[in-house]
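Take a look at the structure below.
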Amino acid sequence: MSKPFEGKTIVVTHFAPHRGCVAPQHEGSEVSPYFVTDLSHLMAAHPIALWCHGHTHTNNDFLAENGCRVISNQRGYPDEVATSGFRPDLVIEV
């Protein structure tokens, strides 16, 4: 991200990059750092169009700092598929 280039910046990580990705049952919990690393300062400092992540077993899609779209579409473990909100037909256009 430190070198300018033509086009949009897309970041893909395993861990969630924003406190807005914390599942409701873990909000304020001391285990939250096991799921989420707050990298919102990178979103604020760089024109990141899209940040995709996994690991949390909960799905989200929201706009964070500097208009960065944070999204996850996780299938989860086999017994979580029915409750994960996974969208197999999801297409993300950037």
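When we follow my numbering, the leftmost residue of the sequence shown carries the number 1, and every step to the right adds one. Glycine included, C-beta positions come from ideal geometry on N, C-alpha and C.
Cβ pair residue i, residue j closer than 7 Å
i, j, result
"A40", "E65", "The sequence shown places Ser at residue 40, rather than the Ala named in the question. A contact, by the Cβ cut-off of 7 Å."
"H46", "M1", "yes"
Residue of the options minimising C-alpha distance to residue i
i, options, result
"I71", "S29, V31 and P17", "P17"
"I92", "I10, H26, V31 and G20", "I10"
"G7", "N59, A44 and I48", "I48"
"A122", "D79, G67 and A23", "Nothing in the structure corresponds to residue 122, since the chain is present only between 1 and 94."
Backbone CA spacing between residue i and residue j [nearest angstrom]
i, j, result
"W142", "F35", "Shown here, the chain extends from 1 to 94; a query on residue 142 therefore has no answer."
"S32", "K3", "32 Å"
"G20", "H14", "16 Å"
"D79", "L42", "35 Å"
"G96", "V22", "The requested residue 96 is not part of the displayed model; the chain covers only 1 to 94."
Expected contact under 8 Å - CB spacing of residue i and residue j to nearest Å
i, j, result
"Q74", "F62", "Actually they are not in contact, since the Cβ atoms of Q74 and F62 sit about 15 Å apart, beyond 8 Å."
Beta-bridge partners of residue i, as assigned by DSSP
i, result
"C21", "In the DSSP output, where bridge partners are listed per residue, C21 has none listed."
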